[in-house]
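First the structure, in the form of structure tokens, and then the observations on it.
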Amino acid sequence: MNSLRNIFIAISIGIVVGIIFGGLKAIFRKKAPSQKQVEFMRGLLNKFAVVLKYSTITLLMIGLLWCTYFLLLGIIVPAQAEYADNMSELIVSVLTVISIIFAFVEFVRRKDDK
153 MNSLRNIFIA ISIGIVVGII FGGLKAIFRK KAPSQKQVEF MRGLLNKFAV VLKYSTITLL
213 MIGLLWCTYF LLLGIIVPAQ AEYADNMSEL IVSVLTVISI IFAFVEFVRR KDDK
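Here you go:
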């Protein structure tokens with residue numbers, strides 16, 4: 153578990169350092185991307201958003217199905233209620249992260265459409 157913690161610390165430090173150096177690069181380098189590059193990235197983001205939309209919907213439906221199963225498991229077998237509750241919380245947590253990622257991509261995509 154300690155090595156997993158160290159991996160996440162290293163990734164966090166890498167993200168912070170990358171953001172700092174990326175920001176400095178953007179400040180000192182004022183070259184604007186060409187219209188062709190902007191259109192290419194917009195098209196790529198739109199394709200990614202479509203795939204992400206259907207993936208998110210699919211995962212949300214599967215999550216709803218399994219949360220319903222664990223709800224019924226907790227009702228039918230009271231000895232398994234704590235297990236069912238923990239599994240439902242885990243599923244909801246994962247689906248929340250997926251929904252946040254989808255919302256962020258949609259926000260960026262809609263912001264670019266203006």
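In the working numbering, each residue carries its 1-based index in the sequence shown increased by 152.
We put the CB at the ideal spot given by N, CA and C, even for glycine.
On a predicted model such as this, the values are computed, not experimentally measured, just so you know.
With respect to the C-alpha of I243, the residue from F256, V257, L216 having the closest C-alpha is L216.
Contact between K205 and F254 holds, with the beta-carbon distance rounding to 7 Å and staying under 8 Å. With a cutoff of 7 Å on beta-carbon distance, Q232 and L225 are scored as near each other. Judged by DSSP secondary structure, M213 falls within the alpha helix (DSSP H) whose first and last residues are 187-228.
The C-alpha of G170 is placed about 15 Å away from the C-alpha of F160. In this structure, L211 sits away from R261, with a CB-CB distance that is not shorter than 7 Å. In terms of Cβ geometry, C219 and S251 do not form a close pair [threshold 7 Å].
The alpha-carbon separation between L176 and M193 amounts to approximately 22 Å. The alpha-carbon separation between R181 and I163 amounts to approximately 26 Å. The C-alpha of A184 lies about 54 Å from the C-alpha of Y235. Straight-line measurement puts the Cα of I165 at about 34 Å from the Cα of D237.
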